[in-house]
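Here the structure comes first, spelled out in structure tokens, and everything after it is commentary.
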Amino acid sequence: MKRRSLLTAAPALAGAGLLWMPGARSQTHDKYFIHLNQLLKSQGPGRPVMLLDRQRIDHNIDRIKKSVGNKKRYRVVVKSLPSVPLLEHVMQRADTNALMVFHQPFLNEVATAFPSSDVLLGKPMPVQAARTFYQKHNGAGKFDPATQVQWLIDSHERLLQYHALARQLGVQMGINFEIDVGLKRGGFVSPAAMQASLKYVLDHPEHLSVRGLMGYEPQLTGLKADLTHPQVQEVLGIYRSFIEQLKSHGLDPSALTLNGAGSHTLKIYEQDDTMNDLSAGSGVVMPTDFDTHHLLDHLPGLFIATPILKRYDKNPVMVNPPEDMQRVYYIYGGYWKAEMVSPFPIGKPIYESTNQSPITTSANVDLKVDDYMFLRPTQSEFVMLQFGDLLVIDNGELTDTWPVFQQTG
């Protein structure tokens with residue numbers, strides 16, 4: 046758990062009309078968190094939990110859908126929203142069946158839970174992971190991997206491995222080419238570099254098919270950029286050069302998946318049609334790492350809530366503590382990838398603990414044992430898996446529990 050200033054997020058929070066304001070301090074919590082505190086004290090399980098505010102995520106889903114528009118497809122990033130009921134909710138509200146998956150066990154679970162989904166792998170998987178998927182899937186259900194999975198290929202060597210697997214299993218594998226649009230994290234660096242692999246897929250139609258391109262560009266994150274920005278133009282120029290290569294081999298790009306973007310950058314492409322398939326996940330729930338320029342109209346919708354176990358009115362380990370470290374609270378658990386949002390601000394940690402973490406505050410913060418403190422995760426993909434079922438808050442009421450994925454299976 047890190048100490049962090051919310052000053053950079055303040056304009057977004059103010060504009061969104063949140064019930065807590067980082068600039069306005071209270072003795073305990075503001076109205077929003079006072080209500081959640083009371084709700085959890087009466088209905089919660091008495092341990093750290095992950096809360097999901099349904100109204101806020103609906104607001105965010107609608108913003109994403111509006112940015113994608115009607116001429117492109119919104120692809121939901123599974124690793125950032127690792128819960129079948131949550132994914133189902135997002136897919137229904139956004140009217141999409143497209144998913145991006147980064148983990149083999151999640152791929153098998155998605156194939157079972159969403160038999161009509163279209164799945165693009167978000168990273169190139171070891172061929173053994175692909176083999177494990179087929180072994181566990183084993184033709185079960187209505188999900189057809191031949192038409193509903195796009196395997197991401199970043200090199201000719203990996204393509205040969207996948208072709209050998211397809212021949213051995215007697216299956217056809219859809220191939221999506223990872224292209225480097227400036228990130229410098231692998232993938233084909235130029236159309237010329239992809240030439241041999243593209244031709245190889247086209248020459249082996251019994252077991253391989255071309256499904257599209259994927260070009261990820263998080264290097265644009267944080268830029269107050271529109272389509273005229275030089276780095277955006279560079280990304281789109283590179284992407285278009287790969288599209289031209291597809292055309293030169295008789296392929297129709299409009300019939301393929303031309304994927305890119307992420308929550309940070311999706312909004313940049315509202316008036317551009319280079320890519321027809323845009324990804325976003327964390328923008329639905331808004332962990333703190335996503336308090337960036339193009340997400341200023343999104344609302345934080347994901348919180349860790351944890352009970353206070355002990356309270357010390359005087360700092361027991363410091364003789365003359367600074368003003369923001371005069372009082373010490375020990376919370377249930379801690380040391381998460383998260384930042385305190387209420388009460389706020391807090392002092393420096395005495396030490397970090399995953400068991401009982403000491404939270405220092407000024408003497409003006411007046412919370413009791415069994416009250417709750419609230420944090421925002423810095424990311425969603427790993428942190429959401431640490432608390433068991435998500436607790437869904439709907440119009441201020443605890444209405445549901447949504448299970449999360451298992452890391453293995």
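In the numbering used here, the protein residues as written are 46 to 454. C-beta atoms are modelled at their ideal positions from N, C-alpha and C, and glycine is treated no differently. Please read these numbers as outputs of a predicted model, since none were measured by experiment.
Val329 (DSSP reduced to helix, strand or coil): helix
Out of Asp317, Thr192, Ile404, point me to the one whose CA is closest to Pro352's CA. Ile404
Report the rounded CA-to-CA distance for Asn400 versus Tyr77, giving the unit in angstroms. 27 Å
Rounded to a whole number of angstroms, what is the C-alpha to C-alpha distance between Phe147 and Val164? 10 Å
Exposed or buried, which one is Gly60 when buried takes at least 16 other CB atoms within 10 Å? Summary for Gly60: the model assigns pLDDT 32, below 50, so the residue's position carries little reliability; its value from the coordinates is reported in the next sentence. The residue is exposed, with fewer than 16 neighbouring Cβ atoms inside 10 Å.
Under three-state DSSP, which class holds Phe78? helix
Spell out a yes or no on whether the region 277-285 and the region 222-229 are touching, meaning 3 or more CB-CB pairs, one atom from each, closer than 8 Å. yes
Tell me the rounded alpha-carbon separation between Gln371 and Gly328. 36 Å
Going by DSSP in three states, Arg121 sits in which element: helix, strand or coil? In the sequence under discussion, the amino acid at residue 121 is Val, which differs from the Arg named in the question. DSSP places Val121 in strand when its eight states are reduced to three.
Cutoff 6 Å; reference Pro298; Cβ partners in own chain excluding five residues on either side: Ile288, Leu291
Residue interval of the beta strand (DSSP E) (run including Phe348): 347-357
Just to confirm the assignment: which complete alpha helix (DSSP H) runs, minimum length 4, are found wholly within the region 228-316? 236-248, 275-293
Alpha carbons only, please: which of Tyr374, Gln424, His201, Asp416 is nearest the one belonging to His80? Asp416
Mind checking Thr302: buried by the 16 CB within 10 Å criterion, or exposed? buried
Per DSSP, what kind of secondary structure is Leu344 in: helix, strand or coil? coil
Which same chain residues, not among the five before or five after Gln278, have their C-beta less than 8 Å away from its C-beta? Leu272
Around the Cβ of Asp98, are there at least 16 other Cβ atoms within 10 angstroms (buried) or fewer (exposed)? buried
Using 8 Å for Cβ pairs, my map puts Arg101 next to Leu344. What's the rounded Cβ distance? 4 Å
On the criterion of 16 or more Cβ atoms from any shown chain inside 10 Å, does Glu426 qualify as buried, or is it exposed? buried
Can you check which of these residues, Trp447, Gly326, Gly219, is closest to Pro130 by C-alpha distance? Trp447
Quick one: what does DSSP say Ser402 is sitting in, helix, strand or coil? strand
Helix, strand or coil at Leu412 [DSSP, three-state]: coil
Taking only the alpha-carbon atoms, compute the straight-line gap between Asn304 and Leu412 and give it to the nearest angstrom. Answer to the nearest angstrom: the Cα atoms are 48 Å apart.
Should Arg70 go down as buried or exposed, given a rule of 16 or more other Cβ atoms within 10 Å for buried? At Arg70 the pLDDT is 44, less than 50, meaning the model places this residue with poor confidence; the figure from the coordinates comes in the next sentence. It is exposed - the Cβ of Arg70 has fewer than 16 other Cβ atoms within 10 Å.
Cβ neighbour criterion (16 or more within 10 Å) applied to His294: Its Cβ having fewer than 16 others within 10 Å, His294 is exposed.
Can you tell me whether Tyr380 is helix, strand or coil according to DSSP? DSSP places Tyr380 in the coil class of the three-state scheme, outside both helix and strand.
So Ser242 packs on His201, CB below 8 Å; how close in whole Å? 5 Å
Could you check what DSSP says for Tyr396 in three-state terms: helix, strand or coil? coil
Could you compute how far the alpha carbon of Ile220 sits from the alpha carbon of Asn321? Distance between the alpha carbons of Ile220 and Asn321: 17 Å.
For a quick check, are the C-beta atoms of Val373 and Tyr357 less than 8 Å apart? yes
Could you check how far apart the C-beta atoms of Phe348 and Leu96 are, in whole angstroms? I think they sit under 8 Å. 5 Å
Would the beta-carbon of Gln452 fall within 8 Å of that of Leu430? yes
My output table needs one value for Leu166: the three-state DSSP class, helix, strand or coil. strand
Going along the chain, which residues of its own chain have a beta-carbon closer than 6 Å to the beta-carbon of Tyr179, five neighbours each way excluded? For Tyr179, where only same-chain residues beyond five positions count, the Cβ hits under 6 Å are Leu214.
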